Amino acid sequence: MLGSLLCGVLLGAALSQTRNTPSSADLSMLEGGQVILLGEIESSVKTNAYGAKCFLNVVARVSGDSTISSEGRILLYFPKGEEATYSRYDSIWVKGRLSLLKSKYPSYLAYLQKKGIHHSVFASGVELAGTR
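For reference, each letter of the sequence shown is one residue, going 36 to 167 in the working numbering.
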């Protein structure tokens, strides 16, 4: 649905642009709200007893009827059962709530912040947009 309309237009230019300067500045204004993001999975999807997660390089977000180029890196938590269908370098649409990264482990939080990851999304829906 969303991916088929916008994938071809956004992926090439947006991915090359955001790879050079990952930042969370574009995403911080969206904290606490529902978002629809387009991004590329940049790490392997790691699964444990609680679910699955990966790092996502965000290239665009949906705002109303338009798609806006956006950049940042997030920690993405997949809905249960959907993680097995996605792998590194897949481009995906993600719908979920964006929040400031929190962890009860200060060293893990510091590790993520050094990698430029300051936000997380608990996805309510994920859709494949394409692969490289």
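Glycine included, each C-beta is placed from N, C-alpha and C at the ideal position. In this text the structure is predicted, and so the values were computed from the model without any measurement.
Query: Every unbroken beta strand (DSSP E) within the segment 113-140, with a cutoff of 3 residues, ordered by chain; Result: 125-135
Query: S142 versus Q148 - alpha carbon distance; Result: 10 Å
Query: Test item: CB-CB of V80 and Y121 under 7 Å; Result: yes
Query: 7 Å Cβ cutoff met for A158 and F90; Result: no
Query: Boundaries of the beta strand (DSSP E) in which E75 is found, first to last residue; Result: Q69 to I76
Query: Reference R132; option with closest CA among Y124, S126, G160 and G107; Result: G160
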